[in-house]
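Student: First the structure, then my questions, so here it is.
Number of protein chains: 2
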Amino acid sequence: MIAEEIERRIRQKVYEVNTKLPTVDQLMIDFEASRNTIRKAIEILSLRGLVYQVQGSGIYIRKAEQEDCINIGNVKGISKDFLQKTIRSKLLDLTLIKADEDLSKRMNCPIGTPIYRLKRQRFSDEKPLSIEYTYYNKEIIPYLNQEIAEKSIYSYIEDDLKLSIGFSDKFIHVSKLTADEAFLLDLPVGDPSLIVKETVYLANGLLFNISTVIYNYLEAHLFLQSEHY
Amino acid sequence: MIAEEIERRIRQKVYEVNTKLPTVDQLMIDFEASRNTIRKAIEILSLRGLVYQVQGSGIYIRKAEQEDCINIGNVKGISKDFLQKTIRSKLLDLTLIKADEDLSKRMNCPIGTPIYRLKRQRFSDEKPLSIEYTYYNKEIIPYLNQEIAEKSIYSYIEDDLKLSIGFSDKFIHVSKLTADEAFLLDLPVGDPSLIVKETVYLANGLLFNISTVIYNYLEAHLFLQSEHY
DNA sequence: CAGTGGTCTAGACCACTCA
DNA sequence: GAGTGGTCTAGACCACTGA
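Just so you know, the sequences run in chain order A and B.
Each residue of the first sequence is one higher than the one before, starting from 1 at the first, in the UniProt record's numbering.
Each residue of the second sequence is one higher than the one before, starting from 1 at the first, in the UniProt record's numbering.
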């Protein structure tokens, strides 16, 4: 909660005086919390790339992240990025299938497990941005429909199903567009394609979702902030 | 130090019994440290993607990361990844230049600042993997030569110059190969190129290094582990 | 050398898992 | 309900910055 509140104050430029946050000691007073708690909150903001700390000097606000970039450093979807542009999502397909051998391996579940299969198309300011193939394990996500799929599935999972998202693996590579992909992205066949494959786990380690996203290479710019650990 | 030691034990499969680590209480005894210290160590391993914690259950070892992938989740170079393949580096150019207007903006320094400019080529099992353009601010990295550049510049910076690497921003996009790039990567002109631009800061927030890496799209697979924060 | 962040301890209590 | 991770506190001392 303290991290959220400090983040809000940073975004609303409450601390804009000289791009420096109050000292840890001051924040302890402001939030009536112990040193460890304040430092934990600052650490969360550090991991989110909002601030950095310099020993003996202070806590500094990091330059705002680039706009119109897709932040791949978080587990959630892209809904919150792309501040400047309007993202529209079109559901092309939502089917309940059974895991074949390939899917069962990739989703770490037995063959025949019921799986929701989604195909979506995203537009950024009405230009085709991506094609997304997403699979959810129905034994973990028991119900999905068009309405939920068209809003944010992740907030449905966290807020309604009360499941906690844990961590994810992402693989990024580049290929050439197939005819179907090229048609949907309005690009020539054989043009480059940026492909991101993700495997997402709940906080308890259960694999519940995999996805493959094919991006329009002219529109999609990925962004990532890391810390040296 | 405790995180390093636990990581070593994980990698040497000391804990292989059932892919579960000792409990926090046990680790407190093993390392004669307080709860907070042990939890901090485990948190570091969490961030590195080695383990995940499940409340009420235990600390689990995460499936080993994919081999032959370039981990873009850390700030350092790629030297430590690509376990299976031999990475060879060839220095094509090392020149001391002065920052022009463009460089001065990108490196957040005055025009005319002395900058080391490097051009390198990397090979994975003798196949061209990437072309790298790297710039170091000479006022922060006072000396570079061919010998240092051919080894690990980062260990030179940390171990010899005693500077602390802090954090970085990465931008990833896809384009088409120019004639020069295509020649160096042994690919046809116009084929896809995977481009990663990075800006690296010291722990005190000083920008000391930017780089642009053009990858052979057939060889380079990027990998990233994230946690939900 | 005062100010500020970095680390560690000991202890307490809460929340969740799983047999 | 015992075991295990999650959070928080109060206090201490160290390491670094910057005037």
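By construction, the Cβ of each residue, glycine as well, lies at the ideal position given by its N, Cα and C atoms.
1. Any beta carbon of chain B sitting closer than 8 Å to that of ILE61 of chain A?
2. So the candidates are B:ILE42, B:GLU32 and B:ASP30; which of them puts its Cα closest to the Cα of residue 268 of chain A?
3. Among B:LYS85, B:THR86, B:MET107 and B:GLY112, whose alpha-carbon lies nearest the alpha-carbon of ILE97 of chain B?
4. Report yes or no: is there a C-beta of chain B within less than 8 Å of the C-beta of ILE78 of chain A?
5. Where does LEU185 of chain B sit, in a helix, a strand or coil, going by DSSP?
6. I want to verify the contact list: residues of chain B whose CB lies under 9 Å from the CB of PRO192 of chain A, in sequence order.
7. Cα-Cα, which of A:TYR116, A:ALA182 and A:TYR154 is closest to ASP134 of chain A?
8. So, at 6 Å on beta carbons, what are the nonlocal neighbours of ILE78 of chain A in its own chain, with the 5 sequence-adjacent residues on each side left out?
9. Would you mind telling me which residues of chain A sit closer than 7 Å to GLU4 of chain B, beta carbon to beta carbon, in chain order?
10. Going along the chain, which residues of the stretch 154 to 174 of chain A sit with their C-beta nearer than 8 Å to a C-beta in chain B?
11. Counting contacts by CB-CB distance shorter than 8 Å, is CYS109 of chain B in contact with chain A?
12. Give the DSSP-derived three-state secondary structure of GLU126 of chain B in the structure shown.
13. Mapping DSSP to helix, strand and coil, what is LYS62 of chain A?
14. Decide yes or no for the touch test of the stretch 220 to 227 of chain B against the stretch 163 to 182 of chain A: beta carbon pairs closer than 8 Å, at least 3 of them.
15. Does GLU227 of chain A have its Cβ less than 8 Å from a Cβ in chain B?
16. Quick check on PHE208 of chain A - is its C-beta less than 8 Å from some C-beta in chain B?
17. Roughly how many angstroms lie between the CA atoms of ASN145 of chain B and GLU101 of chain B, to the nearest whole one?
18. Whose C-beta lies closer than 8 Å to the C-beta of GLN140 of chain A among residues of the same chain, with five residues either side of it excluded?
19. Using the C-alpha atoms, what's the distance from LEU118 of chain B back to LEU94 of chain B?
20. Should SER46 of chain A be listed as close to the ligand ZN, given that the test is whether its C-beta is under 7 Å from any heavy atom?
21. Straight-line CA distance for TYR156 of chain B to VAL200 of chain B?
22. DSSP three-state call for TYR133 of chain B: helix, strand or coil?
23. Between GLY58 of chain B and chain A, is the shortest Cβ-Cβ distance under 8 Å, so that the two count as touching?
24. If you follow the beta strand (DSSP E) that SER193 of chain B is part of, which residue opens it and which one closes it?
25. Within the chosen definition, does the stretch 42 to 56 of chain B reach the stretch 123 to 131 of chain B through at least 3 CB pairs nearer than 8 Å?
26. Drop a sphere of 10 angstroms on the beta-carbon of VAL189 of chain B, count the other beta-carbons inside from all chains shown, and report buried for 16 or more, exposed for fewer.
27. Could you work out which residues of chain B lie near GLY112 of chain A, taking near to mean beta carbons separated by less than 7 Å?
28. Would you mind giving the Cβ-Cβ distance between ASN74 of chain A and SER226 of chain B, rounded to the nearest angstrom? I have them listed as a contact below 8 Å.
29. Whole alpha helix (DSSP H) runs in the UniProt domain "HTH gntR-type" (1 to 64) of chain B with 4 or more residues, listed along the chain?
30. Name the two residues that bound the continuous alpha helix (DSSP H) containing LYS151 of chain B.
31. Going by beta-carbon coordinates alone, are LEU185 of chain A and PRO128 of chain A separated by less than 8 Å?
32. Rounded to whole angstroms, what is the Cα-Cα separation between LYS138 of chain B and PRO114 of chain B?
33. Taking the beta strand (DSSP E) that GLU227 of chain A falls in, what are its first and last residues?
34. Quick test of your reading: SER130 of chain A and TYR215 of chain A, contact by CB under 8 Å. State the CB separation rounded to the nearest angstrom.
35. Roughly how many angstroms separate the alpha carbons of ALA149 of chain A and SER89 of chain A, rounded to a whole number?
Tutor: Result, derived from the coordinates:
1. Position 61 of the first sequence, counting from 1, holds the residue named residue 61 of chain A. Cβ-Cβ to chain B under 8 Å: no for ILE61 of chain A.
2. The structure shown does not extend to residue 268 of chain A, since chain A spans only 1 to 229, so no value can be given for it.
3. For the purposes of this step, residue 97 of chain B is identified with residue 97 of the second sequence, where counting begins at 1. Sorting B:LYS85, B:THR86, B:MET107 and B:GLY112 by C-alpha distance to the C-alpha of ILE97 of chain B places B:GLY112 at the top.
4. Here residue 78 of chain A is taken as the residue at index 78 of the first sequence, counted from 1. Since pLDDT at ILE78 of chain A reaches only 48, below the 50 mark, its modelled position is unreliable, and no value is offered.
5. Taking the first residue of the second sequence as position 1, residue 185 of chain B is located at position 185. Three-state result, LEU185 of chain B: helix.
6. Reading the first sequence from its first residue, position 192 is the one you call residue 192 of chain A. Within 9 Å Cβ-Cβ: VAL174, SER175, LYS176, ASP191, PRO192, SER193, LEU194 and TYR217.
7. Counting from 1 along the first sequence, the entry for residue 134 of chain A is found at position 134. A small fix is needed here, since residue 134 of chain A is Thr in this sequence, not Asp. The shortest Cα separation from THR134 of chain A among A:TYR116, A:ALA182 and A:TYR154 belongs to A:TYR116.
8. As a first step, residue 78 of chain A must be located in the first sequence, where it is residue number 78. Because ILE78 of chain A carries a pLDDT of 48, less than 50, the predicted location of this residue cannot be relied on, and the following value inherits that uncertainty. Same-chain partners within the cutoff: ILE70.
9. As a first step, residue 4 of chain B must be located in the second sequence, where it is residue number 4. Result: empty, since nearest Cβ-Cβ is about 11 Å, beyond 7 Å.
10. Of all residues in the stretch 154 to 174 of chain A, SER164, ILE165, GLY166, PHE167, SER168, ASP169, LYS170, PHE171, ILE172, HIS173 and VAL174 have a Cβ within less than 8 Å of some Cβ in chain B.
11. Indexing the second sequence from 1 puts residue 109 of chain B at position 109. No - not a single Cβ of chain A is within 8 Å of the one on CYS109 of chain B.
12. Start at 1 with the first residue of the second sequence, and residue 126 of chain B comes out as number 126. It is coil, neither helix nor strand.
13. What you label residue 62 of chain A is simply residue 62 of the first sequence in a count that begins at 1. Reading off the sequence, residue 62 of chain A comes out as Arg, not Lys. Coil.
14. Judged by Cβ distances under 8 Å, the stretch 220 to 227 of chain B makes contact with the stretch 163 to 182 of chain A, as three or more pairs qualify.
15. Here residue 227 of chain A refers to the residue found at position 227 when the first sequence is read from its first residue. Under the Cβ distance rule, GLU227 of chain A counts among the residues neighbouring chain B, one pair being separated by less than 8 Å.
16. Within the first sequence, numbered from 1, the residue matching residue 208 of chain A stands at position 208. Output row for PHE208 of chain A: interface = no.
17. As a position in the second sequence, residue 145 of chain B is number 145, starting the count at 1. As a position in the second sequence, residue 101 of chain B is number 101, starting the count at 1. Cα atoms of ASN145 of chain B and GLU101 of chain B: separation of roughly 25 Å, rounded to the nearest angstrom.
18. Stepping through the first sequence from its first residue, residue 140 of chain A is reached at position 140. Correcting the residue identity first, residue 140 of chain A is Ile in this sequence and not Gln. Correct list, in chain order: LEU163, LEU202, LEU206 and PHE208.
19. Here residue 94 of chain B refers to the residue found at position 94 of the second sequence. Here residue 118 of chain B refers to the residue found at position 118 of the second sequence. Rounded to whole angstroms, LEU94 of chain B to LEU118 of chain B spans 5 Å at the Cα level.
20. The ligand ZN is absent from the structure shown, which contains no ligands of any kind.
21. For the purposes of this step, residue 156 of chain B is taken as residue 156 along the second sequence, with counting starting at 1. For the purposes of this step, residue 200 of chain B is taken as residue 200 along the second sequence, with counting starting at 1. Distance between TYR156 of chain B and VAL200 of chain B, taken at the CA atoms: about 15 Å.
22. For the purposes of this step, residue 133 of chain B is taken as residue 133 along the second sequence, with counting starting at 1. Strand.
23. Along the second sequence, one-based indexing puts residue 58 of chain B at 58. Chain A, which has no Cβ nearer than 8 Å to the Cβ of GLY58 of chain B, makes this no.
24. Along the second sequence, read from residue 1 onward, the residue named residue 193 of chain B stands at position 193. It spans 192 to 202 - the beta strand (DSSP E) in which SER193 of chain B sits, taken as one unbroken run.
25. Contact check between the stretch 42 to 56 of chain B and the stretch 123 to 131 of chain B: fewer than three CB pairs, one atom from each, fall below 8 Å, which does not count as touching.
26. Here residue 189 of chain B corresponds to residue number 189 of the second sequence, with the count starting at 1. Exposed, because fewer than 16 other Cβ atoms sit within 10 Å of the Cβ of VAL189 of chain B.
27. Here residue 112 of chain A corresponds to residue number 112 of the first sequence, with the count starting at 1. GLY112 of chain A does not reach chain B, its nearest Cβ partner there being about 23 Å away, counting only Cβ pairs nearer than 7 Å.
28. Locating residue 74 of chain A in the first sequence gives position 74, counting from the first residue. Locating residue 226 of chain B in the second sequence gives position 226, counting from the first residue. With 8 Å as the limit, ASN74 of chain A and SER226 of chain B qualify as a contact, their Cβ atoms being about 6 Å apart.
29. The qualifying runs are 2 to 11, 24 to 31 and 35 to 47.
30. Numbered from its first residue, the second sequence carries residue 151 of chain B at position 151. Per DSSP, LYS151 of chain B lies in no alpha helix (DSSP H) and is assigned neither H nor E.
31. Your numbering for residue 185 of chain A matches position 185 in the first sequence. Your numbering for residue 128 of chain A matches position 128 in the first sequence. In this structure, LEU185 of chain A lies near PRO128 of chain A, with their beta-carbon atoms less than 8 Å apart.
32. Here residue 138 of chain B corresponds to residue number 138 of the second sequence, with the count starting at 1. Here residue 114 of chain B corresponds to residue number 114 of the second sequence, with the count starting at 1. The alpha-carbon atoms of LYS138 of chain B and PRO114 of chain B are separated by roughly 6 Å.
33. To locate residue 227 of chain A, count along the first sequence from 1; it is residue 227. From DSSP, the beta strand (DSSP E) with GLU227 of chain A extends over 222 to 227.
34. Position 130 of the first sequence, counted from the first residue, corresponds to residue 130 of chain A. Position 215 of the first sequence, counted from the first residue, corresponds to residue 215 of chain A. Distance from SER130 of chain A to TYR215 of chain A at the Cβ level is roughly 5 Å; contact confirmed, criterion being Cβ atoms closer than 8 Å.
35. By 1-based counting over the first sequence, the position of residue 149 of chain A is 149. By 1-based counting over the first sequence, the position of residue 89 of chain A is 89. Answer to the nearest angstrom: the Cα atoms are 9 Å apart.
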